[in-house]
Amino acid sequence: MILPARLLDSLHADLTRLAAIPDEQLATPVPTCPGWTITDLLAHLGRVHHRAIALLSGAPFVFLDAWEPTPEGPDAVAWSRDVGARLEATARRVDPTSVTHNWAGAVPASFWIRRMVQETSLHRWDAQRALGTPAPIDADIGADGVDELLTVFLPMLPAERFAEILSGTDAGTGGHGDGTAAGPRTLHLHATDTDGDGDGDGDGDGDGDGEWMITLTPLAASVTTGHGQGDVAVRAGGATLDLLVWNRATPDDEDVECFGDGDLLARFLAATRF
Numbered sequence: 014m015i016l017p018a019r020l021l022d023s024l025h026a027d028l029t030r031l032a033a034i035p036d037e038q039l040a041t042p043v044p045t046c047p048g049w050t051i052t053d054l055l056a057h058l059g060r061v062h063h064r065a066i067a068l069l070s071g072a073p074f075v076f077l078d079a080w081e082p083t084p085e086g087p088d089a090v091a092w093s094r095d096v097g098a099r100l101e102a103t104a105r106r107v108d109p110t111s112v113t114h115n116w117a118g119a120v121p122a123s124f125w126i127r128r129m130v131q132e133t134s135l136h137r138w139d140a141q142r143a144l145g146t147p148a149p150i151d152a153d154i155g156a157d158g159v160d161e162l163l164t165v166f167l168p169m170l171p172a173e174r175f176a177e178i179l180s181g182t183d184a185g186t187g188g189h190g191d192g193t194a195a196g197p198r199t200l201h202l203h204a205t206d207t208d209g210d211g212d213g214d215g216d217g218d219g220d221g222d223g224e225w226m227i228t229l230t231p232l233a234a235s236v237t238t239g240h241g242q243g244d245v246a247v248r249a250g251g252a253t254l255d256l257l258v259w260n261r262a263t264p265d266d267e268d269v270e271c272f273g274d275g276d277l278l279a280r281f282l283a284a285t286r287f
């Protein structure tokens, strides 16, 4: 896990970049978020940040689709930027070990700080990509985004998604040829530029090693860290891996190296669209 101070620095940088987008560019469509303009993206972030402030302040968990109404359209832009500033102030003030809640129960406040950093970094990239060349996501933040997806979101998938990946029903291949799922199958992801560091200071003494082995069965997935050999292996920088697992990059991109069962990787990425 990256140290809280490093996460907060990343959040500040991304909020600053979003605030710098000129008003005349707010109507620009965001290709990586189909149907959204940059205004829509900022409104979404405002809602997410607004709820996080409440959760970090002790409010009970509520799913985002049941959250209180918030500004939309042009009014959402200034509101979203103000909420972003209040989120940063709240995150800097709160004790990361204090108890908050998510959909599964009690969690430390650091859960929501991390979640907001990852949400903001990805959508900042989306907004800047819509306008041209985005500032890159830092390698350690990207690798932490991969880890969050694999350890927080992947276990939430319904069992049928895992069976789908293994049987290849969507692709018409894989499995045993009779609609039943094969397994277990493994995927290995390697962030090549994190140097075994998980705390953001580059000294290699963090607790994240930038490599993950995902073992898939027809009912679930398990994730371990460290080196290994999978049925398919993917090597890329931490930021690129983050964009890949969140469907902003593809296995065919020139800075992504893939070895082994590409169909398994494609089914995994398709089934884990959150």
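Note that this note's numbering gives residue 242 to position 229 of the sequence shown, counting from 1, and the numbers run on in steps of one.
Quick reminder that beta carbons are idealized off the backbone N, C-alpha and C, glycines included.
- In the structure shown, His114 falls within a strand segment according to DSSP collapsed to helix, strand and coil.
- Linking Trp225 to Val43 through their CA atoms gives a straight-line distance of about 30 Å.
- Bounds of the beta strand (DSSP E) holding His203 are Arg198 to Ala204.
- For Pro42, the three-state secondary structure derived from DSSP is strand.
- Per DSSP, Ser235 lies in no alpha helix (DSSP H); the unbroken beta strand (DSSP E) holding it starts and ends at Ala234 to Thr238.
- The Cβ neighbour count for Val130, taken over all protein chains shown within 10 Å, is at least 16; the residue is labelled buried.
- Boundaries cannot be given for Val269, as no beta strand (DSSP E) includes it and DSSP labels it neither H nor E.
- In the DSSP assignment, Met226 falls outside any alpha helix (DSSP H) and within the unbroken beta strand (DSSP E) covering Glu224 to Leu229.
- Per DSSP, the unbroken beta strand (DSSP E) holding Ala249 starts and ends at Val245 to Ala249.
- For Gln131, the enclosing alpha helix (DSSP H) starts and ends at Ala122 to Leu144.
- Taking 8 Å as the upper bound for CB-CB distance, His114 and Phe74 are in contact here, some 4 Å apart.
- DSSP links Gly273 through a beta bridge to Val245.
- Less than 8 Å divides the Cβ of Trp125 from the Cβ of Leu69.
- Residue environment: Ser111 is assigned as exposed (fewer than 16 neighbouring CB atoms within 10 Å of its CB, all protein chains considered).
- Residue state for Thr29 is assigned as helix, using DSSP reduced to three classes.
- Here the region 92-102 lies against the region 28-41, with 3 or more beta-carbon pairs under 8 Å apart.
- In its chain, beyond the 5 residues on either side, Val130 and Ile154 have a beta carbon closer than 6 Å to the beta carbon of Ser23.
- Taking the CA atoms as reference points, His62 sits about 14 Å from Ala91.
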